[in-house]
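Asker: For the protein sequence lines, the chains are A and B, in the order given. Residue numbering for the first sequence follows our numbering, starting at 1 and increasing by one per position. Residue numbering for the second sequence follows our numbering, starting at 1 and increasing by one per position. In this text, a Cβ means the ideal position worked out from N, Cα and C, and glycines have one as well. For clarity, every value in this text was computed on a predicted model and none was experimentally measured. Quick one: the structure is below, questions incoming.
Protein chains: 2
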Amino acid sequence: MPERLSLWNDTPTRQAILNFVAAITTPGGSDFIPPAERIATFDNDGTLWLEKPLYIQLQHGLHAIARMAAEKPELRDRQPFKAVYEKDMAWLGKVAADFARGDPSGVFTIVSGLTEVFAGMTLEAFEADVLDFLNNAQDARFKKPYKLLTYQPMVELIRTLQGNGFQVYITTGGGRDFVRAVCEEIYNIPRSMTIGSSVTFQYGEDAQGVAQVLRTQELEQPIDDGPGKPVHIHRAIGRRPIVAAGNSNGDIHMLKYAAGHTGLTLSLLVRHDDPEREYAYDDGAEKALQLAPKEGWIVVSMKNDWKTVFPSSPA
Amino acid sequence: MPERLSLWNDTPTRQAILNFVAAITTPGGSDFIPPAERIATFDNDGTLWLEKPLYIQLQHGLHAIARMAAEKPELRDRQPFKAVYEKDMAWLGKVAADFARGDPSGVFTIVSGLTEVFAGMTLEAFEADVLDFLNNAQDARFKKPYKLLTYQPMVELIRTLQGNGFQVYITTGGGRDFVRAVCEEIYNIPRSMTIGSSVTFQYGEDAQGVAQVLRTQELEQPIDDGPGKPVHIHRAIGRRPIVAAGNSNGDIHMLKYAAGHTGLTLSLLVRHDDPEREYAYDDGAEKALQLAPKEGWIVVSMKNDWKTVFPSSPA
């Protein structure tokens, strides 16, 4: 094995992962699985990178909404442009609190604002905007650019699986093209292997007659969350994964889908129980945590299983 | 280069392909393109395998429709079950003739019959049915199982591109999961790299509580044809191809999308001009053939550019 999960403490969790990889890659072993079927799917927000106090993509959306509200006064009398322009923290705080309680209506208002801001944009322009944000905007608590707020033990796990013949996919409930802007750089995952939610696209030709695909304002259904995850996985991969990792109720169907593979499987549920180095919260993960022991999913404790969380700052 | 297009005659077409591959893979050359951007997209019906007298997938659908009509008498009073059960060649011939003239309504009636036959089926059951058909049912003229009716010079081109660092995708206007049943065996393309049209899927759990994704009767929009092809390509790959190959008007937008890449690109249009070894027809390709010289697409002549068409029969 190229890497021995050096960023993981020597706990039963680490041992279970190493045992699983050894079992399915041992030629002639009773649990051997051929490389073509070694598919792993990883959720992104809260599983591979920070999702608090707000999804990173929503932070990007708020920046873009603020920019547009500054440019176009006529937008400022409706949400989310009004609250963002007026820096109405009460409104924004309520959105976050409602979401944590299971009411996503405020988040949908923000999402509809950001799809409006980016509608009609070319792929290249959208990607440049995302990259600029992820490289430069900083998280308020950790004082680092967002692209440096990835969980290093999980990144190491991805590379360990890749080194053992796995095809590792990201399957994000958030925006696919947002993650594609950086997935090769920060996760070593090609953008064709990043699946996720998206607006729909349409074909067009620009003023020079060059063919383009352009963002619309309409969300593609289903979104890549909950029961939509196995549907997206089938569409993009065409095989059932044997490894899946998530951190919330939105990952339950994916974890069950992987566990439904005949033969040995590995389902991981990352638990945010580390208030010192990251956050401690079970909001939005209650049902998944309750199912884990019954379904045979391994709960990964940030606090106990990981030696480190985020990358060291670049020199 | 691992293979020198040995199944191609030494024509300007073959030379243009070899020159292109040499140019974009020569390190330090002005046209060099790094491996991550070496994306190729190939249409399937009529570009990689036979599409006459009827799409192979429709032949499969007719078999399945006939089977269901034999089992369920109550279906026999409506199309397409009626015509298939009664072997009404006049109705079926009209469907084919209408389609060739640009009226797909009869084909849609057949497609709606086959989505009905397969609705609710698990992935495994659908794939087993397709495999049985492709391995055993024979084309009436060539007296071979359908899976042996692939164009060998194109299969060789795929391998040549793969040997030069390309990621080669199939992007079929027909059914994605139909092609996925055999793409690894007949094209050496992983099923995750087969994009295409599809019904939508939904999550479900079977009687044993195992998570499944199940076929519905509804077609996913857009279908992977015409302006839908670049949209599907973006969703699945996230990069603009630099090589594209097609054979009909439904490939025009894909060929333009590839040609819109900055730098050297290769767009191929396969022309069916070989009545002896395959068929001679321009129906459904008139506009593409007209655009080719203006757009710089290379027209591949089956008759002149290919030494052989189909694989030799297995010993």
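#1: Starting from B/R215, follow its DSSP beta bridges and name the residues at the other end.
#2: Residues in its own chain within less than 6 Å of B/G226 by CB, not counting five upstream and five downstream?
#3: Three-state secondary structure (DSSP) at B/L123?
#4: Comparing C-alpha positions only, which one of A/N44, A/W8, A/G106, A/G113 sits nearest to A/T319?
#5: Any idea if A/M68 is buried or exposed, counting beta-carbon neighbours within 10 angstroms, 16 or more meaning buried?
#6: What's the C-alpha gap between A/P80 and A/A119?
#7: Nearest to B/V299 by alpha carbon, out of B/F32, B/K72, B/S267?
#8: Chain A beta carbons: is any one of them nearer than 7 Å to that of B/H272?
#9: Taking a cut of 8 Å between CB atoms, which residues from the stretch 68-101 of chain B lie near chain A?
#10: Taking B/D273 as part of the beta strand (DSSP E), name the residues at either end of that continuous run.
#11: Which value, in whole angstroms, describes the spacing of the CA atoms of B/L157 and A/P34?
#12: Kindly indicate the opening and closing residues of the alpha helix (DSSP H) around A/T160.
#13: Report yes if the CB atom of A/I39 is closer than 7 Å to the CB atom of A/P241, and no otherwise.
#14: Taking DSSP's pairing of strands, which residues face A/Y169 in a bridge?
#15: Determine, using beta carbons only, whether B/F42 and B/A245 come nearer to each other than 7 Å.
#16: State the DSSP-derived secondary structure class of A/Q79, mapped to helix, strand or coil.
#17: Please list the terminal residues of the continuous beta strand (DSSP E) segment that includes B/I298.
#18: Taking only beta-carbon atoms, is A/R180 less than 7 Å away from chain B?
#19: Is the CB of A/K256 under 7 Å away from at least one CB in chain B?
#20: Check whether chain A comes within 7 Å of B/H232, counting only Cβ atoms and requiring the distance to be less than that.
#21: At the level of alpha carbons, what is the spacing between A/I233 and A/F126?
#22: Report the three-state DSSP secondary structure of B/P241 (helix, strand or coil).
#23: For B/F201, which residues from the same chain have a beta carbon less than 8 Å from its beta carbon, with the 5 sequence-adjacent residues on both sides left out?
#24: Kindly list, in the order they appear in chain E, the residues whose Cβ is closer than 8 Å to that of B/A211.
#25: Check each candidate in B/A70, B/A100, B/R180 and name the one with the smallest Cα separation from B/F87.
#26: Once DSSP output is grouped into helix, strand and coil, what is the label at A/T13?
#27: Using the Cα positions of B/K256 and A/R101, report the straight-line distance between them to the nearest angstrom.
#28: Counting beta carbon pairs with one atom in the stretch 142-156 of chain B and one in the stretch 186-204 of chain B, are three or more of them shorter than 8 Å?
#29: Which chain A residues sit within Cβ distance under 9 Å of B/S192?
#30: At a CB-CB cut-off below 7 Å, which residues of chain A make contact with B/S42?
#31: Label A/M89 either buried or exposed according to how many other C-beta atoms from any shown protein chain fall within 10 Å of its C-beta, with 16 as the threshold for buried.
#32: With DSSP run on the structure shown, which of helix, strand or coil describes A/G29?
#33: Indicate whether at least one CB of chain A lies closer than 7 Å to the CB of B/P293.
#34: I'd like to know if B/P35 contacts chain A, where contact means its C-beta is closer than 7 Å to some C-beta of that chain.
#35: Please list, in chain order, the chain A residues whose beta carbon lies closer than 9 Å to that of B/Q202.
#36: Which value, in whole angstroms, describes the spacing of the CA atoms of A/E74 and B/R159?
Answerer: So, to answer that:
#1: B/F201
#2: G250, H253
#3: helix
#4: Within the shown structure, residues of chain A are numbered from 1 to 315, placing residue 319 of chain A beyond reach of any answer.
#5: buried
#6: Answer to the nearest angstrom: the Cα atoms are 16 Å apart.
#7: B/S267
#8: no
#9: Identification of residues in the stretch 68-101 of chain B having a C-beta nearer than 8 Å to some C-beta of chain A yields an empty set.
#10: 266-273
#11: 27 Å
#12: 152-163
#13: yes
#14: A/T41
#15: Note that the C-beta distance between B/F42 and B/A245 is below 7 Å.
#16: coil
#17: 298-301
#18: yes
#19: yes
#20: For B/H232, the closest Cβ of chain A is not nearer than 7 Å.
#21: 24 Å
#22: DSSP, read as helix, strand or coil, puts B/P241 in coil.
#23: V213, L214, R215, T216
#24: Absent from the structure is chain E; the protein chains it does hold are A and B.
#25: Note that residue 87 of chain B corresponds to Lys in the displayed sequence, not to Phe. Checking every option, the nearest Cα to that of B/K87 belongs to B/A70.
#26: helix
#27: 48 Å
#28: yes
#29: I39, Q167, Y169, S192, M193, A236, I237, G238, R239
#30: One point to set straight first is that residue 42 of chain B is Phe, not Ser, in the sequence displayed. Going along chain A, no residue has its Cβ under 7 Å from B/F42, so there is no contact; the nearest lies around 15 Å.
#31: exposed
#32: Looking at A/G29 - three-state DSSP - the assignment turns out to be coil, as it is neither helix nor strand.
#33: no
#34: Output row for B/P35: interface = no.
#35: P222, P227, V231
#36: Cα to Cα, the separation comes out at about 56 Å.
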